[in-house]
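Enquirer: Take a look at the following structure, please.
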């Protein structure tokens with residue numbers, strides 16, 4: 020339907036395999052023809068899992084079920100099952116029944132508790148999920164485990180995405196090499212008809228489920244919760260982190276264990292990489308924008324201000340027009356509702372200070388700023404002059420392409 | 020620059036004169052050529068005034084000065100001076116000096132305290148206001164008072180507006196006819212380079228300044244604070260309500276005086292009319308959208324949900340595309356962060372119930388909904404199924420026109 024985003028990476032990255040994780044994919048015809056739309060990830064016995072989900076108060080049935088499984092199953096998991104083409108959302112009691120049917124079949128096939136099966140669905144909402152197409156395929160897919168690559172898995176969960184998204188890192192814990200590899204999908208943030216944000220990250224590290232949950236929460240705030248395309252929020256957003264424990268080191272049971280330091284950084288990097296790829300696939304995006312806010316009262320205040328800038332239609336359209344319009348940035352800072360000193364505010368674009376002390380910097384060199392605005396990577400730095408709180412968020416510009424995708428589409 | 024909005028009223032309405040209020044306008048060349056850009060409203064001695072302003076924490080110098088005058092002058096006023104073409108915002112200490120120069124000249128000419136002079140400025144930001152062009156015209160304009168009509172005054176304060184906005188009502192207080200007439204400007208909500216929202220409302224009712232302030236706060240929340248074009252907030256938004264007290268009835272000094280009942284309703288109507296006209300001039304607007312939310316936990320919760328719907332780029336683009344996309348409305352309800360029952364949610368478009376009890380209403384008649392979506396006036400009603408809180412807000416759709424105006428413009 021659409022060309023590949025101009026901001027896409029050149030190719031899907033090489034993802035290191037994760038001990039104890041295997042994939043199978045199939046084309047079962049939930050909605051799409053001639054492409055895979057069902058992904059099963061098999062997790063070795065003893066795997067732990069952590070999850071973060073949409074904050075939407077109208078969350079979908081699969082999200083509700085994942086939250087319950089996480090709680091009742093004490094963070095253990097054996098399989099993740101994801102379909103594209105249908106979000107299984109806002110379809111009444113049918114949604115709950117579909118999740119129950121899939122989980123019921125999977126617990127038999129994988130020989131585990133129902134609380135060890137996690138599902139996610141993405142695609143159109145308001146329609147019954149043809150779950151028999153999924154349950155009918157699971158037994159066969161179990162036999163095919165290992166035949167699908169990370170890229171195959173990433174492709175099976177795509178909806179309006181124009182490219183598959185993956186990231187991978189290796190570090191050591193207790194002298195052993197551990198791998199973190201994951202993939203994600205999402206292009207608007209978020210078109211609930213089509214473009215829920217999903218991410219699945221796997222590691223062979225041995226980490227207790229409570230520590231895993233804490234790690235995911237922290238990394239999620241720095242990554243998936245620091246990106247925005249259009250400020251909208253899907254009813255189905257799901258991020259799962261599974262740890263198989265097969266790397267060979269002693270299990271980590273404390274979040275403050277120094278052996279985790281490199282792992283924490285690598286997990287943050289992996290999630291930030293995936294999150295940035297989602298922004299790079301933003302609907303109609305022509306520019307990737309980094310917004311850094313410094314000098315705020317707290318880090319939380321800095322993030323609120325950064326998101327106000329990143330979500331401002333006026334800032335996003337100015338950048339689409341390659342206009343270094345600092346006045347719109349001032350406006351966005353003002354509406355964020357966090358402390359800022361109008362007369363100390365400093366704004367830099369592409370590393371050039373263009374506004375400070377309450378007014379434009381007289382005689383700043385416009386040529387490098389104009390050149391920066393013509394590029395695909397835009398850097399905005401705002402110091403609000405209060406204290407030392409800081410945050411970074413990423414977004415894309417707002418273009419005619421966004422309107423075309425979202426106004427010209429009929430459900 | 021642009022054609023008149025397709026949602027504009029046929030003509031400027033007939034506004035009843037207000038005893039004790041006179042206008043003068045001039046073309047002083049602040050920025051524009053061949054059009055008026057300075058408006059003076061003279062208020063009879065003894066007039067009271069109330070004001071509500073932008074919540075932006077980077078408010079402009081004129082807004083800061085109005086707030087101070089209101090406080091220090093105990094709600095008394097003799098003149099309102101407004102220029103278009105330059106917002107006198109984010110230009111450092113020069114902004115404060117310009118306000119001081121204008122107020123200083125005006126207090127001499129009008130023979131009053133500086134706290135009885137109110138100013139507003141709208142137009143480009145980040146540039147020094149050529150205030151000498153304004154101060155040099157004030158003495159002459161005092162001689163011309165009464166020569167300008169409400170429509171003249173409304174036109175002098177326009178920036179990117181495609182039509183002047185006015186509204187008027189007459190009711191009785193204590194047996195005497197009182198008039199409320201006012202005008203406004205604004206087209207984006209809000210492009211700080213050009214499109215600050217300003218409104219000036221005048222009445223000959225005799226109302227103490229504290230009651231006037233309470234009335235304006237209530238009416239403002241139902242009107243100017245219940246509209247949104249793009250969720251952005253100007254640094255200069257200003258609404259002033261002046262009461263000359265010349266209608267001949269006894270002064271009202273209590274907000275709960277039953278003699279005020281009709282006046283309250285008329286004031287609400289006047290402000291809602293002006294606010295809706297601003298939405299009808301929204302940048303790129305092709306459809307006027309009314310969002311009613313019922314069944315919320317409180318009225319405040321209902322308004323939060325209604326604004327989440329009205330500000331959602333996905334809802335606004337769907338309406339631009341004439342798509343009755345209730346899935347995007349569900350999404351917006353979910354992200355609002357207020358209580359909603361996913362499985363009791365009811366959504367009507369154009370009076371037709373299209374979703375209820377957590378799913379699409381099977382077999383609803385699509386023809387009238389499709390016809391409604393093709394019209395210029397779109398009605399959305401959402402019942403979130405919790406309690407009896409309700410609210411109504413107004414917005415417009417998000418079109419290619421918005422992107423053209425905001426991305427293709429260079430500052």
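Chains as they are written, first to last, in this note's numbering: chain P, 20 to 430; chain H, 20 to 430.
Using N, Cα and C, we set each Cβ at its ideal position, and we do this for glycine too.
Source: prediction; values computed, not measured.
Tell me, please, whether the CB atom of residue 361 of chain H is closer than 8 Å to any CB atom in chain P?
Expert: Chain P contact via Cβ: present.
Enquirer: With DSSP collapsed to three states, give me the class of residue 195 of chain P.
Expert: Residue state, collapsed to three classes: strand.
Enquirer: Buried or exposed for residue 196 of chain H, please, with buried defined as at least 16 other CB atoms from any protein chain shown within 10 angstroms of its CB.
Expert: With fewer than 16 Cβ atoms within 10 Å of its Cβ, residue 196 of chain H is classed as exposed.
Enquirer: Would you say residue 285 of chain P and residue 199 of chain P are within 8 Å of each other, going by their C-beta atoms?
Expert: In contact: residue 285 of chain P and residue 199 of chain P (Cβ atoms closer than 8 Å).
Enquirer: In chain H, which residues lie less than 8 Å from residue 425 of chain P when you measure between Cβ atoms?
Expert: Per Cβ cutoff of 8 Å: 332, 333, 336, 337 and 340.
Enquirer: Measure the C-alpha to C-alpha separation of residue 248 of chain H and residue 346 of chain P and round it to an integer number of angstroms.
Expert: C-alpha separation (whole angstroms): 18 Å.
Enquirer: What are the residues in the stretch 349-379 of chain H lying within 8 Å of chain P by C-beta distance?
Expert: Against chain P - using a Cβ distance shorter than 8 Å - the residues of the stretch 349-379 of chain H are 349, 350, 351, 352, 353, 354, 355, 356, 357, 358, 359, 361, 362, 364, 374, 376, 377, 378 and 379.
Enquirer: As a quick exercise: from H:81, H:130 and H:121, pick the residue whose alpha carbon is nearest that of residue 110 of chain H.
Expert: Among H:81, H:130 and H:121, the Cα nearest to that of residue 110 of chain H is on H:81.
Enquirer: Look up residue 47 of chain P in the DSSP assignment and say whether it is helix, strand or coil.
Expert: In this structure, residue 47 of chain P counts as coil in the three-state DSSP scheme.
Enquirer: Just how far apart, CA to CA, sit residue 168 of chain H and residue 27 of chain P?
Expert: Going from the Cα of residue 168 of chain H to the Cα of residue 27 of chain P covers about 57 Å.
Enquirer: For residue 143 of chain H, count neighbouring Cβ atoms within 10 angstroms of its own Cβ and tell me buried if that reaches 16, exposed if not.
Expert: Buried.
Enquirer: For a contact meaning CB atoms closer than 7 Å, what does residue 110 of chain P contact in chain H?
Expert: Per Cβ cutoff of 7 Å: 378.
Enquirer: Quick check on residue 54 of chain H: buried or exposed, where buried means 16 or more other Cβ atoms within 10 Å of its Cβ?
Expert: Classification for residue 54 of chain H: exposed.
Enquirer: Hey, would you say residue 255 of chain P sits closer than 8 Å to residue 215 of chain P, going by beta carbons?
Expert: Yes, the pair counts as a contact, with Cβ atoms nearer than the cut-off.
Enquirer: Measuring alpha carbon to alpha carbon, tell me which residue in P:40, P:363 and P:33 is nearest residue 166 of chain P.
Expert: Residue P:40 is the option with its Cα nearest to residue 166 of chain P.
Enquirer: Of the choices H:100, H:105 and H:390, whose alpha-carbon is the least far from that of residue 48 of chain H?
Expert: For the residues H:100, H:105 and H:390, the minimum Cα distance to residue 48 of chain H belongs to H:105.
Enquirer: Could you list the residues in the stretch 174-206 of chain P with a C-beta less than 8 Å from some C-beta on chain H, going in chain order?
Expert: Under the 8 Å Cβ criterion, the stretch 174-206 of chain P contributes no residue.
Enquirer: Counting beta carbon pairs with one atom in the stretch 410-422 of chain H and one in the stretch 306-322 of chain H, are three or more of them shorter than 8 Å?
Expert: Yes, the stretch 306-322 of chain H is in contact with the stretch 410-422 of chain H.
Enquirer: Could you list which residues in chain P have their beta carbon closer than 7 Å to that of residue 144 of chain H, in chain order?
Expert: Going along chain P in sequence order, the residues near residue 144 of chain H (Cβ under 7 Å) are 346.
Enquirer: Measuring alpha carbon to alpha carbon, tell me which residue in H:137, H:124, H:291 and H:311 is nearest residue 237 of chain H.
Expert: Among H:137, H:124, H:291 and H:311, the Cα nearest to that of residue 237 of chain H is on H:291.
Enquirer: Does DSSP put residue 317 of chain P in a helix, in a strand, or in coil?
Expert: Correct three-state label for residue 317 of chain P: coil.
Enquirer: Helix, strand or coil for residue 402 of chain P, going by three-state DSSP, please let me know.
Expert: Strand.
Enquirer: Starting from the beta carbon of residue 268 of chain P, find every residue of chain H whose beta carbon is closer than 7 Å, and list them in chain order.
Expert: None at all; the shortest Cβ gap to chain H is about 41 Å.
Enquirer: Report the residue from H:79, H:293 and H:116 whose alpha carbon sits nearest the alpha carbon of residue 241 of chain H.
Expert: Here the closest residue by C-alpha is H:293.
Enquirer: Of the choices H:76, H:51, H:59 and H:93, whose alpha-carbon is the least far from that of residue 432 of chain H?
Expert: Any question about residue 432 of chain H goes unanswered here, given that chain H covers just 20 to 430.
Enquirer: Below 8 Å between beta carbons is the criterion; list the residues of the stretch 73-92 of chain H that meet it against any residue of chain P, in chain order.
Expert: For the stretch 73-92 of chain H, which is checked against every Cβ of chain P, the residues closer than 8 Å are 73, 74, 75, 76, 77 and 78.
Enquirer: Between residue 18 of chain P and chain H, is there a C-beta pair that is closer than 8 Å?
Expert: What the structure shows of chain P is the stretch from 20 to 430, and residue 18 of chain P is not part of that stretch, so it cannot be assessed.
Enquirer: Select from P:300, P:201, P:151 and P:401 the residue whose C-alpha is nearest the C-alpha of residue 351 of chain P.
Expert: Of the candidates P:300, P:201, P:151 and P:401, the one whose C-alpha sits nearest the C-alpha of residue 351 of chain P is P:401.
Enquirer: Does any C-beta atom of chain P lie closer than 8 Å to the C-beta of residue 328 of chain H?
Expert: Output row for residue 328 of chain H: interface = no.
Enquirer: Nearest CA to the CA of residue 312 of chain P: which residue from P:410, P:404 and P:279?
Expert: It is P:410.
Enquirer: Is residue 297 of chain P close to chain H? Criterion is C-beta to C-beta, closer than 8 Å.
Expert: Answer no: the Cβ-Cβ gap between residue 297 of chain P and chain H never drops below 8 Å.
Enquirer: Pick from P:354, P:369, P:380 and P:356: whose alpha carbon is nearest that of residue 363 of chain P?
Expert: Looking at the Cα atoms, P:380 is the closest of the given residues.
Enquirer: Would you mind telling me which residues of chain H sit closer than 9 Å to residue 286 of chain P, beta carbon to beta carbon, in chain order?
Expert: Result: empty, since nearest Cβ-Cβ is about 27 Å, beyond 9 Å.
Enquirer: Give me the DSSP bridge partner(s) of residue 58 of chain H.
Expert: H:44 and H:101, per the DSSP bridge assignment.
Enquirer: Tell me, please, whether the CB atom of residue 308 of chain P is closer than 8 Å to any CB atom in chain B?
Expert: Absent from the structure: chain B. Protein chains present are P and H.
Enquirer: Within its chain, find whatever has a CB closer than 6 Å to the CB of residue 355 of chain P; leave out the 5 residues flanking it on each side and keep chain order.
Expert: Once the five neighbours on either side are set aside, the close Cβ partners of residue 355 of chain P are 323, 324 and 327.
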